[in-house]
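Note sheet for the following structure.
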Amino acid sequence: MEQSNCKINIAIDMSFDEQLAYCYSVNRRIINPIQFSIVGLSGKAKKIFDNYPSYSNWDVNISNKNFDELFNPKQIIYLTADSNNLLETLNENKIYIIGGLLDHNHHKGICLKKAEENGYEHAKLPIESFFKLCGRNVLPVNQVFEILVNFYQFWIGKRHFECYT
13 MEQSNCKINI
23 AIDMSFDEQL
33 AYCYSVNRRI
43 INPIQFSIVG
53 LSGKAKKIFD
63 NYPSYSNWDV
73 NISNKNFDEL
83 FNPKQIIYLT
93 ADSNNLLETL
103 NENKIYIIGG
113 LLDHNHHKGI
123 CLKKAEENGY
133 EHAKLPIESF
143 FKLCGRNVLP
153 VNQVFEILVN
163 FYQFWIGKRH
173 FECYT
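Just so we're aligned, residue 13 is where the sequence shown starts under the numbering used here, counting upward by one.
If you want it as structure tokens, here you go:
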């Protein structure tokens, strides 16, 4: 991660659950990988990591500490489908938190509640602007991660071309 020119930070809050190999794979395929962190790694998710030694070779920032112990609270934007705020741009001075637990029906609102209780900024992806999902606009962690990576690549490309105008 230190060698990447990308300064966009995305962290997955593992105090909830796991779903990471796909995210790692997506990040490794881009020219300048995102600063990828796996935080709050404990319980069931920690046992999974411990059972697969190859995870220790991943070029990611891994911590059993919660994200609020690692990052400045003013830099945190917690991503949740329940937010009324749309994520319209990426900022290199922010940390984008993806809850490791999907906000499905029996956990509806848990990520938004966590963000509000702790005073973190929160936002949702502007999914409705591009397509209609049946039911709630909730995506799995790996899809949210991939959308952010693609958004970052588009953002960098756009900034590059703006230099010529």
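No residue lacks a Cβ here, since even glycine has one placed at the ideal position from N, Cα and C.
Since the model is a prediction, treat every value here as computed from it, not as a measurement.
Query                                                                                                         : Result
Which of helix, strand or coil DSSP assigns to GLU14                                                          : coil
LYS9 classed as buried or exposed, judged by whether at least 16 other C-beta atoms fall within 10 angstroms  : The shown model of the chain, from 13 to 177, leaves out residue 9, and the question about it has no answer.
Environment of TYR64 [buried if 16+ CB atoms lie within 10 Å]                                                 : exposed
Closest by C-alpha distance to GLU140, when choosing among ILE22, TYR36 and VAL150                            : VAL150
Whole-number beta carbon distance between VAL38 and PHE157, since they are thought to touch under 8 angstroms : 6 angstroms
Within 8 angstroms, strictly: CB atoms of ALA23 and SER49                                                     : yes
VAL150, DSSP secondary structure in three states                                                              : coil
Cβ shell of SER95 (< 7 angstroms), same chain only, five flanking positions each side left out                : LEU124, HIS134, ALA135 and LYS136
Delimiting residues of the beta strand (DSSP E) encompassing GLY111                                           : 107-111
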